[in-house]
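Residue numbers (this note's numbering): 252 to 702. Backbone N, C-alpha and C fix where the C-beta goes; we use that ideal spot for every residue, glycine too.
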């Protein structure tokens, strides 16, 4: 008989819950779902290269209008065409894309890259890497905590946060794949600091390349690796010596990173004549005016307003505990820089989304402080830990309910205010007064820095 641990069971429970929601919604049946918004640009590489064998995108001219609207590109100065997102996410779509392409004709669908089997492939990709991300989250947590703490922490992150929306309702968006990549990165960072192995550093290099190609801002995770466990200047000097002494392994890491990034560079060189290409030069960061407080606590898209369970990480970060003391300085450095940059982006609310989607990517780095807090609470009396567990359950329920509000429109995708939030709280049905309380952001002004 196969024994299943409590932490493994938590992943199974999450898998069943999310799979049931995915199957009940069946978004892949809708032509207007899945391959839409940013996914159009992430996905475009696969049909262009594997079906039409035309990286120049000249095939766009002869496509039907219904397919043309699913192919977004920018014209370059030499009359070339390039996709407006990097190639990283398409790596994760690829296995199921190949399967869909092989089976589409057999099931009576056009194998043009944009029919139902291809949409289902994207859904399955998101679900698979969500589960694999949780597998690595579990591996990380078990380095420091017992089965009970690990299981509860997995449940908090996996079904108590807005990552659910990007597996169930908007699969294909980059966040699940960043979540997985950073979880793997964190796990092998721990392994390398325990045992300096060339294999571990090579994997870290590969994951760094993927992380950059999925979402370039997430290159900040390198800070986490470089400063991991450092609490003093002598320790920092010792860390530098460690890298110098293992310079051959560092070269392996660089090669691993280049292995992933080179296809992107070749694509740009082929289509633009340059090795590097700025995809959106009109979009920029305004570092003199970072919207940090709005991004964390504002009602338009505040992270801790719409994903309150992540406040557990902020509390756990300041507990007196040997585990968190090892990571506290590193996490504070990383969070200070990463959050500041994230909310300096011209569109600091990151368009239409449920909650602060930009921060889903870094959830794997926050599981340690969450675990520390859960571990602390579970050691207290029943009078404290039972209400705590009930609160977690209620906030998980709130996450699912607010996600449904977002889908139904009673949590607006980019125009929420405090007044609209209180008006719609606890209901899926809203009246005209709710819409009058919304404040639409001015995107044209925001891109100029007037936010």
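### Close Cβ partners of residue 585 (< 6 Å) along its chain, the five nearest in sequence each way excluded
474 and 475
### Message
Would residue 489 and residue 452 qualify as a contact pair, given that the criterion is a beta-carbon distance under 8 Å?
### Response
no
### Task
Tell me, please, which residues DSSP counts as bridged to residue 290.
According to DSSP, which records beta bridges pairwise, residue 290 is partnered with nothing at all.
### Message
Do residue 506 and residue 563 have their beta-carbon atoms positioned less than 8 Å apart in this structure?
### Response
no
### Message
Quick check on this structure: which residue in 364, 613 and 333 has the alpha carbon closest to the alpha carbon of residue 435?
### Response
613
### Message
Please identify the residue among 310, 630, 264 and 421 whose C-alpha is closest to the C-alpha of residue 713.
### Response
Outside the shown range of the chain, which is 252 to 702, sits residue 713, and nothing can be said about it.
### Message
My assumption, with CB atoms under 8 Å, is that residue 462 sits in contact with residue 439. Please give the rounded CB distance.
### Response
Contact flag wrong, Cβ pair sits at about 12 Å.
### Message
Considering only the alpha carbon of each residue, which of 533, 466, 280 and 387 lies closest to residue 292?
### Response
466
### Query
Using CA coordinates, which residue listed in 340, 557 and 389 is at the minimum distance from residue 512?
340
### Query
Identify the residues that DSSP records as bridge partners of residue 332: which are they?
326
### Message
Here's the rule I'm using: 16 or more other beta-carbon atoms within 10 Å means buried, otherwise exposed. How should residue 527 be labelled?
### Response
exposed
### Task
Let me know if residue 359 comes out buried or exposed under the rule of 16 or more other beta-carbons within 10 Å of its beta-carbon.
exposed
### Segment contact flag, the segment 343-363 with the segment 381-389, C-beta cutoff 8 Å, min 3 pairs
no
### Query
How about the segment 638-646 and the segment 684-701: do they share at least three Cβ pairs that are nearer than 8 Å?
no
### Query
Comparing alpha-carbon positions, which option in 324, 546, 449 and 301 lies nearest residue 348?
301
### Message
Taking only three categories from DSSP, how would you classify residue 554?
### Response
helix
### Task
Using a Cβ cut-off of 8 Å (strictly closer), state whether residue 560 contacts chain D.
In the structure shown, chain D does not exist; there is a single protein chain.
### Message
Between which residues of its own chain and residue 665 is the CB-CB distance below 8 Å, once the five residues before and five after are set aside?
### Response
551, 552, 600, 602, 603, 604, 691 and 692
### Residue of 346, 557, 370 and 618 minimising C-alpha distance to residue 249
Residue 249 falls outside the range modelled here, since the chain spans only 252 to 702, and no answer is possible.
### Secondary structure of residue 601, DSSP reduced to three states
coil
### Query
Relative to the C-alpha of residue 667, which residue among 688, 633 and 515 is closest?
688
### Query
On the three-pair Cβ rule with 8 Å, is the segment 641-651 touching the segment 402-410?
yes
### Query
How long is the line joining the alpha carbons of residue 582 and residue 312, rounded to whole angstroms?
49 Å
### Straight-line gap, residue 464 to residue 575 (C-alpha atoms, nearest Å)
30 Å
### Query
When the distance is taken between beta carbons, is residue 380 closer than 8 Å to residue 428?
yes
### Query
Taking all protein chains shown into account, do 16 or more other C-beta atoms lie within 10 angstroms of the C-beta of residue 483, making it buried, or fewer, making it exposed?
exposed
### Message
Below 8 Å on the Cβ atoms is my contact criterion, and I expect residue 468 with residue 593 to pass it. Report the Cβ-Cβ distance as a whole number of Å.
### Response
7 Å
### Message
Just to check my reading of the structure: residue 596 and residue 694 have Cβ atoms closer than 8 Å, yes? What is that Cβ distance to the nearest angstrom?
### Response
Not a contact, Cβ separation roughly 13 Å.
### Message
What does DSSP give as the partner residue(s) for residue 536 in the beta ladder?
### Response
596
### Query
In three-state DSSP terms, what is residue 311?
helix
### Task
Please report the residue range of the alpha helix (DSSP H) in which residue 443 lies.
426-445
### Task
May I ask whether a heavy atom of the ligand ATP can be found less than 7 Å away from the beta carbon of residue 622?
Ligands are entirely absent from the displayed structure, and the ligand ATP is therefore not among its contents.
### Query
Candidates 543, 329, 377 and 556: which alpha carbon is nearest residue 346's?
377
#### Entry: Which listed residue (481, 504 and 492) has its alpha carbon closest to that of residue 458
504
### Task
State buried or exposed for residue 485, treating a residue as buried only when at least 16 other CB atoms are found within 10 Å of its CB.
exposed
### Query
From which residue to which residue does the alpha helix (DSSP H) around residue 490 run?
484-496
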